[in-house]
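This report refers to the structure that appears directly beneath it.
Numbering (the working numbering), first residue to last: 60 to 392.
And the structure:
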C-alpha cells in the first residue's frame with residue numbers, strides 16, 4: 060500500500076480511537092548486534108527485562124482485539140528474539156500488517172524468523188565506509204546480507220536512511236537511490252534528531268547540506284523516482300522547518316511498547332508514563348501525550364504520516380503548505 064493510501068486509511072481509522080491503537084512500534088528486545096551512533100535505545104537501562112514468550116503472545120492478542128492495523132517490531136535488534144516468528148503469525152491471524160526494523164545481520168543469521176512479515180525495513184546510511192562509521196564495523200555487509208535474505212523469501216524491503224553530517228550530500232543520496240532501485244526497493248530519508256538522554260557526538264548536518272538534499276529529493280518526487288519513498292512534507296523536517304503546527308498523535312493513533320511492556324507515546328521524547336502491559340486490555344487511557352514544548356516536530360517518516368492523517372483538515376493544510384513551499388523553491392532560479 061502506498062503512503063498516500065495508508066494516510067487516508069489512517070485518517071478514517073482515527074475516528075475509532077476510543078477502541079484502541081491504529082499503529083504500534085514494539086521494541087521487542089534491548090539486545091542488539093550493532094552500536095549505532097544515534098540509537099535512542101542506548102539511552103535506556105541495559106538491564107531492562109523482556110516480556111516472556113507467553114506474555115508477548117498475550118500482548119499481540121490484546122492488540123488484535125483492540126483493532127490494531129499495523130505492528131512494527133523494533134529494538135534493539137528484533138531478529139535476536141527467538142519467538143519473533145510466532146508473534147508475527149499470531150498478529151497475522153488478526154489481519155494486522157506486520158513489519159520489522161533491522162540492521163540486517165541477525166536477519167541473515169535467522170531468516171526463519173522473518174516468515175510471515177509483510178515488510179522488512181533495513182537501516183542503511185550510505186556506502187560501506189560511511190555506514191560502518193555510523194553503525195559499526197561490517198555493518199554495510201550485514202545490511203546487504205539481510206536484504207538478500209528478505210528477497211529470497213519475497214518479502215518487500217524498504218531502506219531507511221538517517222541524514223547526518225557524514226551522509227547528508229546529494230552524491231550519497233543518489234548512491235542510495237540507485238542502490239535501492241537495483242534491489243527493487245524504496246529508500247526513505249529521515250532527519251537526524253538528537254534524542255533525550257543520549258550524550259555524545261553531535262551528528263546533525265549543516266543547514267546548507269540539508270537544503271541541498273531536500274531540493275534534490277523534491278526534484279526526484281516531481282519525476283516520480285521509483286526508489287524514493289518520501290513525501291513532500293518529509294522535506295520540511297529534513298530542512299529543519301515544521302510549517303503549520305501539528306498535534307502529535309503519539310498516545311492516540313500510535314504507541315510505542317518497550318521490551319518490558321512499558322507503553323509510551325514516543326520513545327524519542329521520553330515522557331513519564333505509568334502505562335505498562337500487565338495483561339488484559341491495552342491500557343491506552345494511561346498513556347500520556349507528548350507536550351508540544353518538548354518536541355520540535357517529528358522527522359520520522361512513519362510517525363509523520365500518521366500525524367498528518369490524524370490531524371484531519373489541519374494535516375491536509377500541512378501537506379499542501381509543504382508541497383507549495385517545495386514547489387516555490389524549485390521554481391526559484
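Note that the Cβ used here is the ideal one computed from N, Cα and C, for glycine as well.
Given the structure is predicted, the values throughout are model-derived calculations rather than measurements.
Go ahead and pull the three-state DSSP assignment for residue i.
{"i": "residue 257", "result": "A caution first: residue 257 carries a pLDDT of 49, below 50, which makes its placement in the model too unreliable to give a value."}
{"i": "residue 207", "result": "helix"}
{"i": "residue 102", "result": "Residue confidence for residue 102 is low, a pLDDT of 49 falling below 50, so the modelled location carries little weight and cannot support an answer."}
{"i": "residue 156", "result": "strand"}
{"i": "residue 366", "result": "helix"}
{"i": "residue 379", "result": "helix"}
{"i": "residue 387", "result": "helix"}
{"i": "residue 322", "result": "strand"}
{"i": "residue 137", "result": "helix"}
{"i": "residue 74", "result": "Because the pLDDT of residue 74 is 44, which lies under 50, any placement of that residue in the model is unreliable, and the question is left without a value."}
{"i": "residue 292", "result": "helix"}
{"i": "residue 359", "result": "coil"}
{"i": "residue 345", "result": "helix"}
{"i": "residue 263", "result": "coil"}
{"i": "residue 150", "result": "helix"}
{"i": "residue 171", "result": "helix"}
{"i": "residue 145", "result": "helix"}
{"i": "residue 67", "result": "For residue 67, the predicted model reports a pLDDT of 41, less than 50, meaning its position is unreliable; a value from the coordinates is still stated below. Of the three classes helix, strand and coil, the one that applies to residue 67 here is helix, per DSSP."}
Can you determine whether any heavy atom of the ligand NAP sits closer than 7 Å to the C-beta of residue i, and answer yes or no?
{"i": "residue 229", "result": "You won't find the ligand NAP in this model; it holds no ligand whatsoever."}
Just how far apart, CA to CA, sit residue i and residue j?
{"i": "residue 373", "j": "residue 305", "result": "7 Å"}
{"i": "residue 185", "j": "residue 339", "result": "43 Å"}
{"i": "residue 58", "j": "residue 382", "result": "An answer regarding residue 58 cannot be provided, because it is not within the stretch 60 to 392 covered by the chain."}
{"i": "residue 279", "j": "residue 285", "result": "9 Å"}
{"i": "residue 268", "j": "residue 327", "result": "24 Å"}
{"i": "residue 223", "j": "residue 133", "result": "21 Å"}
{"i": "residue 58", "j": "residue 295", "result": "Within the shown structure, residues of the chain are numbered from 60 to 392, placing residue 58 beyond reach of any answer."}
{"i": "residue 236", "j": "residue 273", "result": "14 Å"}
{"i": "residue 145", "j": "residue 362", "result": "26 Å"}
{"i": "residue 41", "j": "residue 162", "result": "The question about residue 41 has no answer here: the residues shown for the chain are numbered 60 through 392."}
{"i": "residue 371", "j": "residue 219", "result": "27 Å"}
{"i": "residue 150", "j": "residue 347", "result": "25 Å"}
{"i": "residue 360", "j": "residue 108", "result": "29 Å"}
{"i": "residue 153", "j": "residue 248", "result": "31 Å"}
{"i": "residue 255", "j": "residue 303", "result": "Unreliable positioning characterises residue 255 in this predicted model, as indicated by a pLDDT of 45, which lies under 50. A coordinate reading is not provided."}
{"i": "residue 342", "j": "residue 229", "result": "44 Å"}
{"i": "residue 196", "j": "residue 183", "result": "13 Å"}
{"i": "residue 297", "j": "residue 166", "result": "29 Å"}
{"i": "residue 385", "j": "residue 277", "result": "7 Å"}
{"i": "residue 86", "j": "residue 118", "result": "13 Å"}
{"i": "residue 115", "j": "residue 387", "result": "49 Å"}
{"i": "residue 345", "j": "residue 299", "result": "32 Å"}
{"i": "residue 275", "j": "residue 112", "result": "46 Å"}
{"i": "residue 375", "j": "residue 364", "result": "11 Å"}
{"i": "residue 159", "j": "residue 179", "result": "5 Å"}
{"i": "residue 233", "j": "residue 192", "result": "19 Å"}
{"i": "residue 157", "j": "residue 126", "result": "14 Å"}
{"i": "residue 287", "j": "residue 246", "result": "5 Å"}
{"i": "residue 377", "j": "residue 210", "result": "36 Å"}
{"i": "residue 147", "j": "residue 391", "result": "48 Å"}
Cβ of residue i within 8 Å of Cβ of residue j?
{"i": "residue 217", "j": "residue 244", "result": "yes"}
{"i": "residue 310", "j": "residue 324", "result": "yes"}
{"i": "residue 143", "j": "residue 172", "result": "yes"}
{"i": "residue 176", "j": "residue 214", "result": "yes"}
{"i": "residue 313", "j": "residue 137", "result": "no"}
{"i": "residue 221", "j": "residue 139", "result": "no"}
{"i": "residue 318", "j": "residue 130", "result": "no"}
{"i": "residue 205", "j": "residue 92", "result": "no"}
{"i": "residue 208", "j": "residue 190", "result": "no"}
{"i": "residue 226", "j": "residue 308", "result": "no"}
{"i": "residue 335", "j": "residue 320", "result": "yes"}
{"i": "residue 83", "j": "residue 349", "result": "no"}
Residue range of the beta strand (DSSP E) that residue i falls in?
{"i": "residue 82", "result": "82-86"}
{"i": "residue 188", "result": "Counting along the chain, residue 188 falls outside any beta strand (DSSP E), though it belongs to the alpha helix (DSSP H) covering 187-194."}
Tell me, please, which residues DSSP counts as bridged to residue i.
{"i": "residue 313", "result": "82, 309"}
{"i": "residue 130", "result": "83, 157"}
{"i": "residue 287", "result": "246"}
{"i": "residue 332", "result": "For residue 332, which the question treats as bridged, DSSP gives no partner whatsoever."}
{"i": "residue 221", "result": "249"}
{"i": "residue 179", "result": "159, 216"}
Which residue comes first and which comes last in the alpha helix (DSSP H) that contains residue i?
{"i": "residue 122", "result": "112-124"}
{"i": "residue 231", "result": "229-241"}
{"i": "residue 164", "result": "164-168"}
{"i": "residue 274", "result": "266-281"}
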